[in-house]
Amino acid sequence: MSDITVSQATDAIYTSLENDNEELDVRIAALKAAMAREGVKEAVFETSKLAQPNRQGRKLMQAYFRKKGVATSFT
């Protein structure tokens, strides 16, 4: 998963979330690397594409990604 874009990494994370978090840590690492290459400071996710689009689900996801070193926001 090297040399993927932030958009591709974000889509891979959506897929992982749909598949019960399969390979989520690997995909977060790929997102983090893509963000560093492109100079992006924050990953933006669409709430409608999340497995748990409610506030609790967003906060849980945000906390987990923060532990992995990725700042997140939602649209």
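This note's numbering numbers the first residue of the sequence shown as 63 and each following residue consecutively.
C-beta: ideal position from N, C-alpha, C; glycine also.
If you're wondering where the values come from, they're calculated on a predicted model, not measured in any experiment.
Cα-Cα separation between S78 and G101, rounded to whole angstroms: 24 Å
Under 8 Å between C-beta atoms of F127 and T137: no
Name the residue from F107, K103 and R99 whose alpha carbon lies nearest to the alpha carbon of R74. Per the sequence shown, residue 74 should be read as Ala rather than Arg. Out of F107, K103 and R99, F107 has the C-alpha closest to the C-alpha of A74.
Taking only the alpha-carbon atoms, compute the straight-line gap between R117 and S69 and give it to the nearest angstrom. 23 Å
When the Cα atoms are used, what is the spatial distance from M63 to A91? For M63, the predicted structure reports a pLDDT of 45, less than 50, and the residue's modelled location is therefore unreliable. A value from the coordinates is still provided. Roughly 9 Å separates the two Cα atoms.
How long is the line joining the alpha carbons of D65 and E80, rounded to whole angstroms? 23 Å
Just to confirm my understanding: we take K184, look at its own chain, exclude 5 residues before and 5 after, and list those with CB closer than 7 Å. What are they? No answer is possible for residue 184: it lies beyond the span of the chain, which begins at 63 and ends at 137.
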